[in-house]
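Notes follow once the structure below has been shown.
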Amino acid sequence: MAERLSPSDADLADDDSLDAWLQKSAGIAGHTSVTCKMGPGADPLAVVDQYCSVHGMQSLRVVDAAVMPDIVRANTNATIIMMAERAADFIKESR
Numbered sequence: 001m002a003e004r005l006s007p008s009d010a011d012l013a014d015d016d017s018l019d020a021w022l023q024k025s026a027g028i029a030g031h032t033s034v035t036c037k038m039g040p041g042a043d044p045l046a047v048v049d050q051y052c053s054v055h056g057m058q059s060l061r062v063v064d065a066a067v068m069p070d071i072v073r074a075n076t077n078a079t080i081i082m083m084a085e086r087a088a089d090f091i092k093e094s095r
């Protein structure tokens with residue numbers, strides 16, 4: 001390594017400068033997921049049931065990475081496609 005590009009010497013001068021650089025430089029580098037908990041209606045934190053239906057709403061489902069129970073260790077695309085296929089089955093079965 002020939003030279004350090006970042007943080008600069010000024011960014012490393014003291015704790016406040018380093019904190020400012022970290023705040024400026026940090027960001028999200030993944031797929032947002034696991035934000036709408038799946039669970040029974042009695043759970044005050046649960047947003048959807050096991051069929052991806054939103055508690056307290058009719059004809060509204062959340063079928064995306066938000067309802068995943070945990071962050072997957074791969075690209076979310078294939079998992080979401082599987083979830084969408086299963087949700088389509090739930091919708092067909094409920095008619």
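At position 45 of the sequence shown the residue is numbered 45 (full-length UniProt numbering), and the sequence of numbers has no breaks.
Note that CB positions come from ideal geometry on N, CA and C, so glycine has one too.
Source: prediction; values computed, not measured.
Exposed unless 16 or more other CB atoms sit within 10 angstroms - verdict on residue i
i	result
ILE81	exposed
VAL6	The question names Val, but residue 6 is Ser in the sequence shown. Classification for SER6: exposed.
ALA65	buried
Segment limits, alpha helix (DSSP H) that includes residue i
i	result
ASN77	76-93
Coarse secondary structure for residue i, derived from DSSP in three states
i	result
SER25	helix
SER17	helix
VAL67	helix
VAL34	coil
Residues near residue i by beta carbon distance below 8 Å, same chain, minus five either side
i	result
HIS55	GLY41, ALA46, VAL47, VAL48, ASP49
VAL63	CYS52, ILE80, MET83, ALA84, ALA87
Candidates the options: closest to residue i by CA position
i	options	result
VAL72	ALA26, HIS31, ALA20	HIS31
PRO69	GLU85, SER59, MET57, CYS52	CYS52
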